[in-house]
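K.L.:
Using UniProt numbering, you'd call the opening residue of the sequence shown number 1 and step up by one each time. All C-beta atoms, glycine included, are put in the ideal place defined by N, C-alpha and C. Bear in mind the structure is a predicted one, so any value in this text is a computation, not a measurement. Would you mind keeping the following structure in view while I ask a few things?
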Amino acid sequence: MSNTAIVDERAMQYSGSWNGGGQFIEFSGTTKWSSAQGSTAKYTFQGTQITVYASVAANSSSASMSFAVDNFTGSYSSTSAGGAALYHAPLWASPPLSDGQHTLVVTQDEAQASGVIFLDYLLYETTSSAPGTVYFVDDRDSRIAYSTPWEPFGSQGDFMHTSSESSDAGDSFIFEFEGTSIEYYGGLNPLDAGKTIGSIVLDGADPVLYTAPSPIPGITNNQIFNATNLGPGTHKLVATSTDVTGRLWADYFLVTPNVDASVDPSPSSGTTTSLSAFTSTGHGSSSSNPSASAHSSSGTSSPLSGQLTIVGGSSTPSAGSTNKPSSRPESNSAPHSLPTAAIAASTVGAGVFLSLLLLAACILIRRRRRRDRGDLSDPLIARPFGLSSTLFESSPRRKSREAAPGPAVADGTRIPTDSDSRSVPPPQYSA
Numbered sequence: 001m002s003n004t005a006i007v008d009e010r011a012m013q014y015s016g017s018w019n020g021g022g023q024f025i026e027f028s029g030t031t032k033w034s035s036a037q038g039s040t041a042k043y044t045f046q047g048t049q050i051t052v053y054a055s056v057a058a059n060s061s062s063a064s065m066s067f068a069v070d071n072f073t074g075s076y077s078s079t080s081a082g083g084a085a086l087y088h089a090p091l092w093a094s095p096p097l098s099d100g101q102h103t104l105v106v107t108q109d110e111a112q113a114s115g116v117i118f119l120d121y122l123l124y125e126t127t128s129s130a131p132g133t134v135y136f137v138d139d140r141d142s143r144i145a146y147s148t149p150w151e152p153f154g155s156q157g158d159f160m161h162t163s164s165e166s167s168d169a170g171d172s173f174i175f176e177f178e179g180t181s182i183e184y185y186g187g188l189n190p191l192d193a194g195k196t197i198g199s200i201v202l203d204g205a206d207p208v209l210y211t212a213p214s215p216i217p218g219i220t221n222n223q224i225f226n227a228t229n230l231g232p233g234t235h236k237l238v239a240t241s242t243d244v245t246g247r248l249w250a251d252y253f254l255v256t257p258n259v260d261a262s263v264d265p266s267p268s269s270g271t272t273t274s275l276s277a278f279t280s281t282g283h284g285s286s287s288s289n290p291s292a293s294a295h296s297s298s299g300t301s302s303p304l305s306g307q308l309t310i311v312g313g314s315s316t317p318s319a320g321s322t323n324k325p326s327s328r329p330e331s332n333s334a335p336h337s338l339p340t341a342a343i344a345a346s347t348v349g350a351g352v353f354l355s356l357l358l359l360a361a362c363i364l365i366r367r368r369r370r371r372d373r374g375d376l377s378d379p380l381i382a383r384p385f386g387l388s389s390t391l392f393e394s395s396p397r398r399k400s401r402e403a404a405p406g407p408a409v410a411d412g413t414r415i416p417t418d419s420d421s422r423s424v425p426p427p428q429y430s431a
């Protein structure tokens, strides 16, 4: 199945002269721009299509960039932006590509001393889930099921220029996904500062309440919820609007997929799941209130705003893990016993040895008696094995002994803001 992966501009390889910038409204709060003609940025990916997103300054001087993937090329000129600032703008989209590895090359053709075009992020279609891959899911994705028709919205500050707004308390949506972590982002209305506007439930656990910070850090790109260290399989996130006057928003989601099956994860005897509802956050500058933190070893918690960490042990190893045998012997290991043949052989040997001792004793006694009688002849010397059958009959019975048990064998320049005509008026959120 193909998914849309997102890459921050910081992951690209740069040559020439580039400067750092960024605002809260932009992905990860960072961007890159160049004042030198001929500067390049490259990114190699595994996929079938790629799109370059950027911000463009308002009322800016002329600047342009060109793009190339395989034999396909394109360009963008800032003159097409008009007088308004642009955010999350798709500068260029490649045509469909063969499924495989490709390299995107971005070149600054015409440049200005101050920033005009600000690279923000890339979106590409891929079937890969290699380590480091992050999937992007927009609020209009068909995998998100809204309980009632949420109000569609869109502005320059919204990713893909779309977002969804709840109509009333009790409105909810369900998002089912496969992956090891999830981040949920949405807009905020300044009038909702300080209100508990949402309840988020992941996989049927206790709800985590979201309270809008006061003041709000930004109208768009606020992290509402995140969860990490999730186990394998399908997960279900349910978000519900909880305030009759406030509104819950959905803009986009970031999902870290399960790695390819060819990658062997480390064995684990349990999982640790961290869930957070943030009170003042944006992507790349998220922060939670440490004083609101709660920890539970039983795997349950009470609803709260702030950060919630759930730690739950599991007796079932995660998928892909292997149970490695211990190198230490078990304390209750059964002792090893000697084979029956070995016991029999040792018993016979002991009997022969005792018989020889008795024979020697008999010979000495008989010689002593004969010497006492004056008979010095010793017929036994010429035939040492001509023994009387009565010798063994008079020998004591041998008792065999059981053998003893053997041993148990896990910057720089900021983009111009209001004072230099780059910011865009905040979108008009309905109350």
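Three or more C-beta pairs closer than 8 Å, one from the segment 173–183 and one from the segment 223–234: is that the case here?
P.N.:
Touching, yes.
K.L.:
Buried or exposed: which applies to residue 197, given that a residue is buried once 16 or more other Cβ atoms fall within 10 Å of its Cβ?
P.N.:
Within the sequence shown, the letter at position 197 stands for residue 197. Buried: at least 16 other Cβ atoms inside 10 Å.
K.L.:
DSSP puts residue 66 in a beta bridge; with which residues?
P.N.:
One-based indexing of the sequence shown puts residue 66 at position 66. Answer by DSSP bridge pairing, in chain order: 75, 107.
K.L.:
Taking its Cβ as the centre, do 16 or more other Cβ atoms sit within 10 Å of residue 212, making it buried, or is it exposed?
P.N.:
The sequence position of residue 212 within the sequence shown is 212, counting from 1. Residue 212 comes out buried.
K.L.:
From residue 52 to residue 119, what distance separates their C-alpha atoms?
P.N.:
Position 52 of the sequence shown, counted from the first residue, corresponds to residue 52. Position 119 of the sequence shown, counted from the first residue, corresponds to residue 119. Straight-line Cα distance between these residues: approximately 8 Å.
K.L.:
Verify whether the separation of the beta carbon atoms of residue 175 and residue 134 is less than 9 Å.
P.N.:
As a working note, residue 175 is residue 175 in the sequence shown. As a working note, residue 134 is residue 134 in the sequence shown. No, the pair does not count as a contact, with Cβ atoms beyond the cut-off.
K.L.:
Quick one: what does DSSP say residue 11 is sitting in, helix, strand or coil?
P.N.:
Here the question's residue 11 lines up with position 11 in the sequence shown. Of the three classes helix, strand and coil, the one that applies to residue 11 here is helix, per DSSP.
K.L.:
What does the alpha-carbon distance come out to for the pair residue 19 and residue 36?
P.N.:
Counted from its first residue, the sequence shown places residue 19 at position 19. Counted from its first residue, the sequence shown places residue 36 at position 36. Going from the Cα of residue 19 to the Cα of residue 36 covers about 10 Å.
K.L.:
Which residue marks the beginning of the beta strand (DSSP E) containing residue 223, and which one marks its end?
P.N.:
Against the sequence shown, residue 223 aligns to sequence position 223. Element bounds for residue 223: 222–228.
K.L.:
Can you list the beta strand (DSSP E) stretches of 3 or more residues lying completely in the segment 129–209, in chain order?
P.N.:
List check, beta strand (DSSP E) in window: 135–138, 144–146, 151–153, 163–165, 172–178, 181–186, 196–202.
K.L.:
Would you call the segment 150–164 in contact with the segment 82–95, where contact means no fewer than 3 C-beta pairs closer than 8 Å?
P.N.:
Yes, they touch.
K.L.:
For the segment 92–103 against the segment 69–79, do three or more pairs of beta-carbon atoms, one drawn from each stretch, fall closer than 8 Å, so that the two count as touching?
P.N.:
Touching, yes.
K.L.:
Should residue 141 go down as buried or exposed, given a rule of 16 or more other Cβ atoms within 10 Å for buried?
P.N.:
Residue mapping note: residue 141 aligns to position 141 of the sequence shown, counting from 1. So residue 141 counts as exposed.
K.L.:
Kindly confirm or deny that the segment 185–195 and the segment 113–133 touch, where touching means at least three C-beta pairs closer than 8 Å.
P.N.:
In short, these stretches do not touch, since the Cβ pair count stays below three.
K.L.:
Over what stretch of residues does the beta strand (DSSP E) that includes residue 90 continue unbroken?
P.N.:
Within the sequence shown, the letter at position 90 stands for residue 90. Run containing residue 90: 86–93, per the beta strand (DSSP E) assignment.
K.L.:
Can you tell me whether residue 2 is buried or exposed? The criterion is at least 16 other CB atoms within 10 Å of its CB, across all chains shown.
P.N.:
As a first step, residue 2 must be located in the sequence shown, where it is residue number 2. The residue in question, residue 2, is exposed, as its Cβ has fewer than 16 Cβ neighbours within 10 Å.
K.L.:
Can you check DSSP and say which residues form a bridge with residue 18?
P.N.:
Residue mapping note: residue 18 aligns to position 18 of the sequence shown, counting from 1. Bridge partners of residue 18: none, in fact.
K.L.:
Over what stretch of residues does the beta strand (DSSP E) that includes residue 52 continue unbroken?
P.N.:
Residue numbering aside, residue 52 sits at position 52 when the sequence shown is read from its first letter. That run of the beta strand (DSSP E) goes 49–56.
K.L.:
Spell out the partners DSSP gives residue 3 in its beta bridges.
P.N.:
Numbered from its first residue, the sequence shown carries residue 3 at position 3. Residue 3 is bridged to 126.
K.L.:
Using only the alpha-carbon positions, how far apart do residue 57 and residue 30 sit?
P.N.:
For the purposes of this step, residue 57 is identified with residue 57 of the sequence shown, where counting begins at 1. For the purposes of this step, residue 30 is identified with residue 30 of the sequence shown, where counting begins at 1. So the alpha carbons of these two residues sit roughly 15 Å apart.
K.L.:
On the CB-based measure, 16 or more other CB atoms within 10 Å of its CB, does residue 79 come out buried or exposed?
P.N.:
Position 79 of the sequence shown, counting from 1, holds the residue named residue 79. Residue 79 should be labelled exposed.
K.L.:
Applying the criterion that 16 or more other CB atoms from any shown protein chain within 10 Å of the CB defines a buried residue, is residue 168 buried or exposed?
P.N.:
For the purposes of this step, residue 168 is taken as the residue at position 168 of the sequence shown. Exposed: under 16 other Cβ atoms inside 10 Å.
K.L.:
Under the DSSP definition of a beta bridge, which residues are partnered with residue 248?
P.N.:
Along the sequence shown, one-based indexing puts residue 248 at 248. DSSP output for residue 248 lists no bridge partner at all.
K.L.:
Could you tell me the alpha carbon to alpha carbon distance between residue 105 and residue 42, rounded to whole angstroms?
P.N.:
Here the question's residue 105 lines up with position 105 in the sequence shown. Here the question's residue 42 lines up with position 42 in the sequence shown. Spanning the two alpha carbons is a distance of roughly 5 Å.
K.L.:
Would you kindly work out how many angstroms separate the C-alpha atoms of residue 7 and residue 121, rounded to a whole number?
P.N.:
In the sequence shown, residue 7 corresponds to position 7, counting from 1. In the sequence shown, residue 121 corresponds to position 121, counting from 1. For residue 7 and residue 121, the distance between alpha carbons rounds to 6 Å.
K.L.:
Measure from the alpha carbon of residue 236 to the alpha carbon of each residue in 108, 130, 143, then state which is nearest.
P.N.:
Taking the first residue of the sequence shown as position 1, residue 236 is located at position 236. That would be 143, whose Cα lies nearest to the Cα of residue 236.
K.L.:
Quick check: what's the CA-CA separation for residue 128 versus residue 44?
P.N.:
As a first step, residue 128 must be located in the sequence shown, where it is residue number 128. As a first step, residue 44 must be located in the sequence shown, where it is residue number 44. Distance between the alpha carbons of residue 128 and residue 44 is about 13 Å.
K.L.:
Can you tell me whether residue 27 is helix, strand or coil according to DSSP?
P.N.:
Sequence index remark: in the sequence shown, residue 27 carries index 27 (1-based). Reduced to three states, the DSSP call for residue 27 is helix.
K.L.:
In chain order, what residues of the same chain have a beta carbon less than 8 Å from the beta carbon of residue 10, not counting five sequence neighbours either side?
P.N.:
Residue mapping note: residue 10 aligns to position 10 of the sequence shown, counting from 1. Around residue 10: 28, 30, 32.
K.L.:
Looking at residue 124 and residue 240, is the spacing between their C-beta atoms short of 9 Å?
P.N.:
Position 240 of the sequence shown, counted from the first residue, corresponds to residue 240. Position 124 of the sequence shown, counted from the first residue, corresponds to residue 124. Cβ atoms of residue 240 and residue 124: not closer than 9 Å.
K.L.:
Over the uninterrupted beta strand (DSSP E) stretch that includes residue 238, give me the two end residues.
P.N.:
If you number the sequence shown from 1, residue 238 lands on position 238. Element bounds for residue 238: 234–241.
K.L.:
If we ignore side chains and look at the alpha-carbon of each, how far apart do residue 63 and residue 220 end up?
P.N.:
Taking the first residue of the sequence shown as 1, we reach residue 63 at position 63. Taking the first residue of the sequence shown as 1, we reach residue 220 at position 220. When rounded, the distance between both Cα atoms is 27 Å.
K.L.:
Thinking just about the alpha-carbon of each residue, which of 99, 110, 54, 192 is nearest to the one in residue 86?
P.N.:
Translated into the one-based positions of the sequence shown, residue 86 becomes position 86. Among 99, 110, 54, 192, the Cα nearest to that of residue 86 belongs to 54.
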